[in-house]
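**Student:**
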Amino acid sequence: MKKTIFLYAVRIPVLVLTALLLTVLSCHALNLAAVEAEWTPPGSATAISMWGFIEDPGSCPAAPVPWNTGPMLIETQGTVLTINLRNCLSEPVSIVIPGQMVTLDPQVITDLQGRTRVTAFTHEAPAMGGIATYTWNNLKGGTYLYQSGSHPAKQVQMGLYGALKVGSYGASNDVTLLFSEIDPALHGSLSAATPLNYKPKFFLVNGQAYAPGDPVPAITIGRAEKTLLIRFLNAGLMSHTPVVQGPYMDVIAEDGNLYPYPRKQYSVMLAAGKTMDALWRSSEKGNYAIYDRSMSLSTNGAAGGGMLVYLDVNLPPFPWLIYMPAIVNAAKAGR
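The sequence shown begins at 271 in my numbering and counts up by one.
(1) If you draw a straight line from the alpha carbon of P334 to that of A307, how long is it in whole angstroms?
(2) Within 8 Å, do at least three Cβ pairs link the segment 353-362 to the segment 319-338?
(3) Who are N443's beta bridge partners in DSSP?
(4) Would you kindly report the start and end of the unbroken beta strand (DSSP E) that includes Q235?
(5) Using the three-state DSSP reduction, which class does Q478 fall into: helix, strand or coil?
(6) Terminal residues of the continuous beta strand (DSSP E) containing L456?
(7) Is it right to say N504 is buried, meaning 16 or more other beta carbons lie within 10 angstroms of its own, or is it exposed?
(8) Which word fits L374, buried or exposed, when buried means at least 16 other C-beta atoms lie within 10 angstroms of its C-beta?
(9) Roughly how many angstroms lie between the CA atoms of A402 and F391, to the nearest whole one?
(10) Could you spell out the range, first to last residue, of the alpha helix (DSSP H) harbouring Q425?
(11) Measure the alpha-carbon distance for S296 versus L343 and round it to whole angstroms.
(12) Using DSSP's beta-bridge definition, name the partner residues of N504.
(13) Mind checking whether G313 and G412 have CB atoms under 8 Å apart?
(14) Based on the DSSP secondary-structure assignment, which residues constitute the bridge partners of E306?
(15) Just how far apart, CA to CA, sit R551 and G516?
(16) Quick one: give me the first and last residue of the beta strand (DSSP E) that A488 is part of.
(17) From P341 to I560, what distance separates their C-alpha atoms?
(18) Based on DSSP bridge pairs, tell me the residues matched to E524.
(19) G506: which of P487, T405, N476, K496 sits nearest, CA to CA?
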């Protein structure tokens, strides 16, 4: 059930910077590298070829490196963000942040029929060690994906994506949930890769897939009765519908755009490339499941895994302490 509440007397607070739970690069100018990587599925000895963004070590590292989603980028609203990208891959790569204002420089080719075709949304870092610089002025607050803007149907699903958060909404804490998928068939033969017959076998949250029989991943968020900001992002090619098994959320923003008023929901619809922000509060200690109600709940065909995590509210609410001041006789107090 979803419902929109219009009885709020105050609009959503102005964005301010807050702490986060994932690996962070917190600076206005930063260096990333696009590299060859590998991801090993749970319960498997066979690694899957991936591409990924990592913090630039200063030169191209020996390939492959262990794959994970790109580093979490954290910025404040209104600042300038500059990314220097070193490309260690065998084809050009670029970086775009959908939802942030920037002047793009699309790269085009002329096909055999004389048509102009776009190959990248902006300028690219050349293959095999080339470097390109990207700048965004006056960052808008919210939650965003950063990803390759070159041949995105191929490069994004190969793993070239990460999360950017710009400020928060006055929450006590926040957690980022980045949803994505892996279709091993597209990673085995890159020259023939096409998403037309896309059939992912692995469904990930923050770069990890839960497998049947493994301990369910839990994110510790602290004390009950504290407001938590949940940032939902979908870097996959499929739609997902995360559900919080517990109190309703106040959904407050979509693709970095604030709603006029919060929406009371227990789930959000994440189309490909979409981000959503929601405020959530638990009244008591416990574990609260978040899972994909679109049924991406399998790992390589085995049911009972996939997109499932728990929010671990590990501390009870603060007890109420009522202080009653001593009653003082006004006449005596003046003596």
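Cβ atoms here follow ideal geometry from the backbone N, Cα and C, with glycine treated the same way.
**Tutor:** Taking the coordinates as given:
(1) Here residue 334 refers to the residue found at position 64 when the sequence shown is read from its first residue. Here residue 307 refers to the residue found at position 37 when the sequence shown is read from its first residue. Roughly 4 Å between the two C-alpha positions.
(2) yes
(3) In the sequence shown, counting from the first residue as 1, residue 443 sits at position 173. L498, per the DSSP bridge assignment.
(4) This structure does not reach residue 235, given that the chain is present from 271 up to 605, and the question cannot be answered.
(5) As a working note, residue 478 is residue 208 in the sequence shown. Reduced to three states, the DSSP call for Q478 is strand.
(6) Locating residue 456 in the sequence shown gives position 186, counting from the first residue. Counting along the chain, L456 falls outside any beta strand (DSSP E), though it belongs to the alpha helix (DSSP H) covering 454-458.
(7) Numbered from its first residue, the sequence shown carries residue 504 at position 234. With 16 or more other Cβ atoms within 10 Å, it is buried.
(8) As a first step, residue 374 must be located in the sequence shown, where it is residue number 104. L374 is exposed by the Cβ-count criterion.
(9) For this step, residue 402 is matched to residue 132 along the sequence shown. For this step, residue 391 is matched to residue 121 along the sequence shown. Distance between the alpha carbons of A402 and F391: 14 Å.
(10) On the sequence shown, position 155 is the one that residue 425 refers to. That run of the alpha helix (DSSP H) goes 422-425.
(11) The residue you call residue 296 lines up with position 26 of the sequence shown. The residue you call residue 343 lines up with position 73 of the sequence shown. Unreliable positioning characterises S296 in this predicted model, as indicated by a pLDDT of 48, which lies under 50. The coordinate reading is nonetheless provided below. Near 6 Å, if we compare the C-alpha coordinates of L343 and S296.
(12) Here residue 504 refers to the residue found at position 234 of the sequence shown. Answer is F449, bridged to N504.
(13) For the purposes of this step, residue 313 is taken as the residue at position 43 of the sequence shown. For the purposes of this step, residue 412 is taken as the residue at position 142 of the sequence shown. Their beta carbons are not under 8 Å apart, which means G313 does not touch G412 by this criterion.
(14) Taking the sequence shown and counting its residues from 1, the one referred to as residue 306 is at position 36. Answer by DSSP bridge pairing, in chain order: W321.
(15) Numbered from 1 along the sequence shown, position 281 holds the residue referred to as residue 551. Numbered from 1 along the sequence shown, position 246 holds the residue referred to as residue 516. For R551 and G516, the distance between alpha carbons rounds to 9 Å.
(16) Mapped onto the sequence shown, residue 488 falls at position 218. Segment 488-490, the beta strand (DSSP E) holding A488.
(17) Sequence index remark: in the sequence shown, residue 341 carries index 71 (1-based). Sequence index remark: in the sequence shown, residue 560 carries index 290 (1-based). Cα-Cα distance, rounded: 22 Å.
(18) Here residue 524 corresponds to residue number 254 of the sequence shown, with the count starting at 1. Looking at the DSSP assignment, E524 forms a beta bridge with N527, M546.
(19) What you label residue 506 is simply residue 236 of the sequence shown in a count that begins at 1. It is N476 whose Cα lies nearest to the Cα of G506.
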